[in-house]
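Data block below; observations after.
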Amino acid sequence: RPPRSTLFPYTTLFRSRACGIICDITNKKSVVSMIQNVKDRFGPIHILLNNAAGRSPNFFAPFTEFPLDDWKKVKSAALKKKDNLLYLVGKTKSELGASEYFRMRNIKEGLLPKVDKQSSKSIFLAVSELINQDLAVSCHDLSEGGLAVTIAEMCMGADMGANIFLGEVSKIEDILDYEIMFSESPTRFMLEVEKSKQQEFENKLKGLDFGLVGCVSEDKRLIIAGKDKELVNLEIYQLRESWLGTFEEFR
């Protein structure tokens, strides 16, 4: 059996089963093989969750042998403490082609998100280092739904509020508020940072696009301010009802 310094004792304690499978998500055959592998081991797949994670030196170790020291560095997306700072790392562009926002509005045009290979690698390395050095207490990628959905999920995860200012987002010129809120430009992250670590955090991001876009609020309310007016002012329970409502047919 793997030593107690791994996840093994915790999976057996709750009589759970887990397995790690290497998969190239850009390769359809690899994805199909992964799904079949899971079905062969556990039977039908009833629930499928998708998330992203930073890579550690032990990333490809079997799940039960994953070192606890690495596991303890994993950051959840839920907000942690009022008055903590919120940073958005990465540049926001008018990339809403095939986005959730355009899909809901039945808009079939717009710029598709495009990965900047050079800046993306630098951002991934920087964010990974920030997490490994405990300079961030929570982290969430920006993908479907963009900034608005990301911060809403972070708020719902902790039942805490946040104040966001779109004017502080690192972005291209002449971009509109709705584009900042719902753009799906790749390689962007929202990170929560304690005030005492602000300077050290910002020093690690020198040369990269980032902005101090808001803070965690004591009120259970998400407020998003645009260039000249308030765009969102909703209580967390309203966000949760809307979010869960999309799954009504499956509940």
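Numbering-wise, the sequence shown is residues 1466 to 1716 according to my numbering.
Cβ coordinates follow ideal geometry from the N, Cα and C atoms, glycine included.
Buried versus exposed call for residue i [16 or more other C-beta atoms within 10 Å across all chains shown]
i: residue 1668; result: exposed
i: residue 1569; result: exposed
i: residue 1692; result: exposed
i: residue 1604; result: buried
i: residue 1661; result: exposed
i: residue 1613; result: buried
i: residue 1483; result: exposed
i: residue 1649; result: buried
i: residue 1611; result: buried
i: residue 1709; result: exposed
i: residue 1711; result: exposed
Contact set for residue i: own chain, Cβ-Cβ below 6 Å, skip 5 residues either direction
i: residue 1698; result: 1688
i: residue 1595; result: 1601 and 1669
i: residue 1683; result: 1547
i: residue 1715; result: Residue placement at residue 1715 is poorly supported in this model, since its pLDDT is 46, which falls under 50; the coordinates are not used for a value here.
i: residue 1580; result: 1651
i: residue 1534; result: none
Same chain only: Cβ atoms within 7 Å of residue i, ignoring 5 sequence neighbours per side
i: residue 1620; result: 1544, 1626, 1627, 1687, 1701 and 1704
i: residue 1663; result: 1550
i: residue 1502; result: 1486
i: residue 1597; result: 1538
i: residue 1587; result: 1673
i: residue 1578; result: 1560, 1649, 1650 and 1651
i: residue 1706; result: none
i: residue 1506; result: 1484
8 Å contact criterion, which residue i and residue j should meet: CB distance rounded
i: residue 1652; j: residue 1585; result: 4 Å
i: residue 1496; j: residue 1490; result: 6 Å
i: residue 1567; j: residue 1576; result: That pair is no contact at about 10 Å.
i: residue 1658; j: residue 1666; result: 5 Å
i: residue 1642; j: residue 1631; result: 6 Å
i: residue 1547; j: residue 1681; result: 5 Å
i: residue 1685; j: residue 1624; result: 6 Å
Cβ-Cβ distance between residue i and residue j below 9 Å
i: residue 1559; j: residue 1644; result: yes
i: residue 1616; j: residue 1557; result: no
i: residue 1654; j: residue 1590; result: no
i: residue 1500; j: residue 1510; result: yes
i: residue 1563; j: residue 1629; result: no
i: residue 1599; j: residue 1538; result: yes
i: residue 1618; j: residue 1565; result: no
Residue i CB to nearest heavy atom of the ligand PLP below 8 Å
i: residue 1541; result: Absent from the structure shown: the ligand PLP. Ligands present: none.
Residues near residue i in its chain [Cβ-Cβ closer than 8 Å; skip 5 each side]
i: residue 1695; result: 1688 and 1689
i: residue 1622; result: 1541, 1542, 1543 and 1544
i: residue 1504; result: 1510
i: residue 1494; result: none
Cutoff 9 Å: residue i Cβ touching any chain C Cβ
i: residue 1599; result: Annotation note: the requested chain C is absent from the structure, which comprises a single protein chain.
Original post:
Is the region 1546-1561 touching the region 1674-1689, taking contact as three or more C-beta pairs under 8 Å?
Top reply: Below 8 Å, enough C-beta pairs join the region 1546-1561 and the region 1674-1689 to call them touching: three or more.
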